[in-house]
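All residue numbers for the sequence shown refer to my numbering, where the first residue is 22 and numbers rise by one. By construction, the Cβ of each residue, glycine as well, lies at the ideal position given by its N, Cα and C atoms.
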Amino acid sequence: MASMLSRLIIFPTPPSLIVSVMSVVSLVVIAGLGVSEILGKHMQYSKFWNLNPEKSSRKQIKLSSRTGMLVLYVPAFLSGAVSFVLYPNHDLRLFLVKATLTIHFFKRVVEVLCVHKYSSSGVVLDSAIPITSSYFSATSTMIYGQYLTRGFPEPQLDLKYPGILLFLLGIIGNFYHHQVLASLRTKDDKEYKIPKGGLFDLVVCPHYLFEVLGFVGIFFISQTLYSFCFTLGTIVYLIGRSYATRRWYLSKFEDFPKDVKALIPYVF
């Protein structure tokens, strides 16, 4: 059954040890980080930058939020941009994978520089390194794996056009809710507030919800095993991070509305 489903929506796996190993590693490691978030062991950025008590006894290098976020996203953006030179376009699907990944991380860089208004928190270098490595390796491996599918039979079900629509919905919704978050804070205001507006009235992390939709869209465009594994791992991570975020708001604000879910309206 699984093999039939795979042939229906996923390209045959190319004979590449790198892509095969990275598929397993991406799924296990990224999903594991999501489980760690639920268990209270957080990646140390944003509001969670100093909430891991087991690490507080040793000196840690802290980057400013703006610098730290640029460290997270710039290498992945450059990987996507360089791929247009490294990998000639042999079909529309490869071009779309390169374009969507590059656009996604370019948007994040623009938001870091021009949209976000930062609190006094930051990004701990110990967390920045694995996140940066994950984004960079995911972008590079997804594009490389797509390039290796040249000449392979297409999946029986072509999902790339629904994928384009999902990606556009995801990137627009994500950008909009980042703007909503930024509007809650004045230039000199460093405190967190209960987010309101858009889907924030239903879930505490609608920007994560739209990020999930964006990455599902990229998987639909790509339809490779690696893109599936990375997207599934990312979904688990964002589920864990949104769960931890809701728990943080409940602990910090007595008036935080209990009916606001973590990620999926009315469900979770």
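- Ranking Gly61, Tyr270, Ile285 by CA distance to the CA of Glu232 puts Ile285 first.
- The beta carbons of Gly238 and Phe188 sit closer together than 8 Å.
- Within the segment 108-193, the complete beta strand (DSSP E) segments at least 3 residues long are 143-145, listed from N- to C-terminus.
- Under the DSSP assignment, Lys273 falls in the alpha helix (DSSP H) whose first and last residues are 246-273.
- DSSP places Tyr66 within a strand segment (E or B) once states are collapsed to three.
- The segment 62-71 makes no contact with the segment 175-190: fewer than 3 CB pairs, one atom from each, lie closer than 8 Å.
- When rounded, the separation of the alpha-carbon atoms in Phe157 and Phe98 is 8 Å.
- Counting C-beta atoms within 10 angstroms of its own C-beta, His111 has fewer than 16 neighbours from the protein chains shown and is therefore classed as exposed.
- Put simply, the segment 146-164 does not touch the segment 215-224. Fewer than three CB pairs are less than 8 Å apart.
- Residues of the same chain with a CB within less than 8 Å of the CB of Tyr258, apart from the 5 flanking positions on each side, are Ile51, Ala52, Leu54, Gly55, Glu58 in chain order.
- If you ignore the 5 residues before and after Leu115, its C-beta comes within less than 7 Å of the C-beta of Tyr108, Gln167, Tyr168, all in its own chain and listed in chain order.
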